[in-house]
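Peer 1: Quick one: structure below, then a few questions.
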Amino acid sequence: MMRKRSCFSFFAGLLALCLLASCQKEVSGTNGQPIPGENLILIYGCGHDNGLSSAIEGNIEQIMKGKLPSVNSSRDMVLYLQHSNSQAPQLNHLYRDIDGKAVCKKIQLNEMQGWDKNSVCISSDTLQNILTYISKYYKAQKNYLIFSSHASGWVPAGTFLPDSYTPVPTSIGQDLGSDWQSVYEMELSNFAQKLPFYFDAIIMDACLMGGIEVAYELKDKCGLLVASPTEILSRGMYYESMLEHIYAEDIASIGRDYIQYYLNRSGSQSATCSVIDCRKLEPLAAICKELFNKYRENLMQLVPSEIQHYYRSGQHWFYDLGHIVEKMGASAAELESFNNALLACTVYRGHTPYFLEIPIVHFSGLSTYLPSDGTPQMDLYYKGLAWNKATNYIQ
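Given below as structure tokens:
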């Protein structure tokens, strides 16, 4: 199965958090103000009846073996929002107790609207509500989101949805309703709009999220984006060292460790990863707009089979951005300008030689739509994306 998926315990906050968990009472910082700290890390895991429940639980076990904050920490809070099979969604606090034992402790969410066994985790409103709720009690200098579920990049929700439910790529996230028939998804634009505060980094442990469309849609909501242009195997990213790299503000090493893990493993060596600096995307958009307009005729005549692709099973919406620009016929000077802009916003990019049956020969670190392999319906939807508005990719 593919994973088409897709912080801070302070001494003052510790007492509050323990009371919150054990006494099931709402608390806040001094005088009703949010408790301050340095790093808030939220793991948003959506594995409810979508085939990823056990995989996400395995990832949490990997995190629990890593560098968790001490119960007496004065800087970091790690929260895990769990939505797995046959359980009402719940929020947990991850830490090490005074004996060094890893603890995952439930936090009672009193007065959290719509938060019960019927809650839909894959809902932009639920996402907004839980983040807003958390921000009432904890105020961090830096915020990090690790999102884990199914996904399919920028494409409209429901694009790959069959008549009968099976775990297939959807937009951002996928969740099966309590009636076992309703399938819930989030559109990329709704996901971005409903994030109530800025994240220093968003780690997308979800398939096909390493696209320029995704990064550009999130550019005002996060500094760094960790994502894969291809799918992600159900085992997911490498979690053992993830928190340690976040504490050190070394987000690029999250990508490095992920790729190195798959290069070293004896099983399927299939992974791609990019760490994208969303704060540096504007120069890339500017040069792309110039090149798309200048070489539009060539762009529309590109042969799909001659371009590096990242999709499988006929889901032909994901090609390599750099290879497209190269094949359009850009001059050496134009390619240099493009590559300089690309390098500035890709902090890290790595891959295994293959992703399953797909050879990875050209890897710019960002995927994108290919108009010559698109459809009128996809073109129409694409025109509403922020990236297209900035670059005039699809006229």
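Counting from 1 along the sequence shown, just add 720 to a position and that's the residue number in our numbering. C-beta atoms are modelled at their ideal positions from N, C-alpha and C, and glycine is treated no differently.
Checking the sheet assignment: what are the DSSP bridge partners for LYS787?
Peer 2: Its beta-bridge partners do not exist; DSSP assigns none.
Peer 1: Please name the residue or residues paired with VAL823 in a DSSP beta bridge.
Peer 2: TYR815
Peer 1: Examine the Cβ distances between the segment 940 to 954 and the segment 980 to 995 and report whether three or more of them are shorter than 8 Å.
Peer 2: yes
Peer 1: At the level of alpha carbons, what is the spacing between ALA775 and HIS1043?
Peer 2: Those two C-alpha atoms are separated by around 33 Å.
Peer 1: For ILE1080, count neighbouring C-beta atoms within 10 Å of its own C-beta (all shown protein chains included) and say buried if the count is 16 or more, exposed if not.
Peer 2: buried
Peer 1: So the candidates are ALA1052, SER1051, ASN849 and LEU1019; which of them puts its Cα closest to the Cα of LEU1041?
Peer 2: LEU1019
Peer 1: Using 10 angstroms around the beta-carbon of SER720, count the other beta-carbons present and answer buried if the total reaches 16, otherwise exposed.
Peer 2: Since the first and last residues shown for the chain are 721 and 1115, residue 720 lies out of range.
Peer 1: Reducing DSSP to helix, strand and coil, say where LYS1109 ends up.
Peer 2: helix
Peer 1: Can you tell me whether GLN1115 is helix, strand or coil according to DSSP?
Peer 2: coil
Peer 1: Between the beta-carbon of VAL946 and the beta-carbon of ALA912, is there less than 9 Å?
Peer 2: no
Peer 1: Would you check if the segment 969 to 989 and the segment 1061 to 1080 touch, i.e. whether three or more CB-CB distances between them fall below 8 Å?
Peer 2: yes
Peer 1: Expressed to the nearest angstrom, what Euclidean distance is found between the alpha-carbon atoms of LYS941 and LEU915?
Peer 2: For LYS941 and LEU915, the distance between alpha carbons rounds to 7 Å.
Peer 1: Per DSSP, what kind of secondary structure is TYR864 in: helix, strand or coil?
Peer 2: When secondary structure is reduced to three states using DSSP, TYR864 falls in the strand class.
Peer 1: Could you please give the first and the last residue of the uninterrupted alpha helix (DSSP H) stretch that includes ARG1016?
Peer 2: 1016 to 1020
Peer 1: Quick one, which of LYS1014, CYS1008 and TYR1068 has its alpha-carbon nearest THR1088's?
Peer 2: CYS1008
Peer 1: Compare the Cα-Cα distances from GLU1002 to each of TYR1068, ILE971, THR1111 and PHE867 and report the closest residue.
Peer 2: THR1111
Peer 1: Per DSSP, ASP1099 forms a beta bridge with which residues?
Peer 2: None, per the DSSP bridge assignment.
Peer 1: My guess is that MET957 and ASP925 are in contact by the Cβ rule of under 8 Å, so how many angstroms apart are they, rounded?
Peer 2: 5 Å
Peer 1: Is ALA935 near GLU905, with beta carbons less than 9 Å apart?
Peer 2: no
Peer 1: For ILE1027, which residues of its own chain have a beta-carbon under 7 Å away from its beta-carbon, when the five flanking residues on both sides are left out?
Peer 2: TYR1039, ASP1040, HIS1043, ILE1044, LYS1047 and LEU1090
Peer 1: Beta-carbon within less than 6 Å of SER1092's beta-carbon, same chain only, minus the 5 sequence neighbours each way: which residues are those?
Peer 2: Answer for SER1092: MET1020 and LEU1022, listed in chain order.
Peer 1: To the nearest angstrom, how far is it from the Cα of SER961 to the Cα of ASP977?
Peer 2: Rounded to whole angstroms, SER961 to ASP977 spans 8 Å at the Cα level.
Peer 1: Among all the DSSP beta bridges, which residues are the ones paired with MET797?
Peer 2: Answer is LEU760.
Peer 1: Assign GLN802 to one of three DSSP states: helix, strand, or coil.
Peer 2: strand
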